[in-house]
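Numbering (mature numbering (1 follows the signal peptide of the UniProt record, and there is no 0)), first residue to last: -25 to -1, 1 to 416.
Set out below in structure tokens:
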């Protein structure tokens, strides 16, 4: 597959004719950010330099910018036509801003069958692929398996659950396995495991929500939108956020915070605060990024919950289970003076060999076959691959240049609604108006 990938990628980049003579040694620079991703990527680049790079006559190194203001600096350098780097980190939600300064690439059919299709979609803009996906993020419903198992087997707990559901939701309900939960099932379980409605609950809160005015919290929430048939934009390309699906999804969070089923500070929570609450045993469930599992299941770091965590898809709406996904990937700088050599590196990155090295070094490549093979070391990885394939989505407009500004306005308005600062009608009206303004630019 490596030779096919190389030929296809190089052809897609419209590179000069490759000489049949031995290639002169070339150096390719990858712009990246510091942290676990760059550490894992270095293992991949080391493998390339020691192996295929020898035959290609190419070495590749990383140039690291600070994570603080990374995207703005990368965009500024790309727009200025900098040739200091040849390859660069790209993401789903910044892709549209970078695309004018990147060369599209082609990936052959056999590589496309290895990658989860939604991962390629997540790095596609205006019908063109602008990066080889290297990492993917998806969401899990985390739950205390020990507690839910008892709920599914203890008649007294089931009786109390049914009474709370009837009183608070006005429906006859019985406990279900989390894999089968709807949003109402999740609400009912969260109420049962909350001291406010069940003084005998083993946890103080049924869940812990992330409702801070932050774009990543909207990404986490919007499964409630899409699973109920909603999207950012309608078929006419206009904002469709003021919809029954968005109303239903927003009300899920509002119901839980009003019922005191999530900590009162949740309105200012994001990833670390939610993790800390679940880690401490304060909450029975949590909607969270897949990256949290490794720490939460570590008995040294999380002795209260390690070994007691179940993972399920996010609750289902009328359209079934859904999860936002976004990817990190590697794209080609249009201003690169080393496109031929950079294309060889991209060809290597798109192989199973490269993605296997990356996974073993701590990355999360969107290749289900590789993730499944990592089950012994990373028990959550097979579910990452499965959920990405079965439930993953990218909202319409999610790779556009206006994606981040739209996320920002949604975060502002929805957080204000959950905090009780504006009502639902105002939140959706202002969100739709803000979206329209930002899409216009």
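A virtual CB, placed ideally from N, CA and C, is assigned to each residue, including glycine.
- Residue 8 sits in coil when the DSSP states are folded into three classes, being neither helix nor strand.
- Here the alpha carbon of residue 263 sits roughly 10 Å from the alpha carbon of residue 286.
- Assignment of residue 303 by DSSP, reduced to helix, strand and coil, places it in the strand class.
- The DSSP-derived three-state label of residue 353 is coil.
- Judged by DSSP in its simplified three-state form, residue 286 adopts strand.
- Short of 8 Å from the beta carbon of residue 404, and not among the five residues preceding or following it, lie these beta carbons of its own chain, in chain order: 217.
- Per DSSP, the continuous beta strand (DSSP E) segment holding residue 115 begins and ends at 114 to 119.
- DSSP, read as helix, strand or coil, puts residue 100 in strand.
- Between residue 179 and residue 257, the C-beta gap is smaller than 7 Å, which places the two residues in contact.
- As for any alpha helix (DSSP H) of minimum length 4 sitting wholly inside the region 334 to 383, the runs are 343 to 348, 356 to 366, ordered along the chain.
- The beta carbon of residue 123 lies closer than 7 Å to those of 153, 285 in the same chain, with the five residues before and after it left out.
- Around residue 121, the same chain offers 283 as residues with beta carbons nearer than 8 Å, after the five sequence neighbours per side are excluded.
- Under the three-state reduction of DSSP, residue 77 is assigned to strand.
- Residue 181 sits in coil when the DSSP states are folded into three classes, being neither helix nor strand.
- In terms of Cα proximity to residue 300, the closest of 193, 406, 259 is 193.
- Contact between residue 385 and residue 411 is absent: CB atoms are separated by about 13 Å, not below the 8 Å threshold.
- Beta-bridge pairing by DSSP links residue 37 to 5.
- In summary, residue 341 is buried, with 16 or more beta-carbon neighbours lying within 10 Å of its beta-carbon over all protein chains present.
- Between the region 380 to 394 and the region 301 to 316 there are fewer than three inter-stretch CB-CB distances shorter than 8 Å, so the stretches are not counted as touching.
- Within the DSSP secondary-structure output, residue 107 pairs in a beta bridge with 305.
- For residue 70, the secondary structure class from DSSP, reduced to helix, strand or coil, is helix.
- Of all C-beta pairs linking the region 352 to 362 to the region 82 to 89, fewer than three are shorter than 8 Å, placing the two stretches out of contact.
- For residue 214, DSSP records a beta bridge to 208.
- Beta-bridge analysis with DSSP links residue 261 to 117.
- Rounded to whole angstroms, the gap between the alpha carbons of residue 16 and residue 277 is 28 Å.
- For residue 127, the secondary structure class from DSSP, reduced to helix, strand or coil, is coil.
- For residue 189, no alpha helix (DSSP H) segment is defined, and its DSSP state is neither H nor E.
- When C-alpha distances from residue 171 are compared across 19, 143, 69, 267, the shortest belongs to 143.
- In the structure shown, residue 243 adopts helical secondary structure according to DSSP, grouped into three states.
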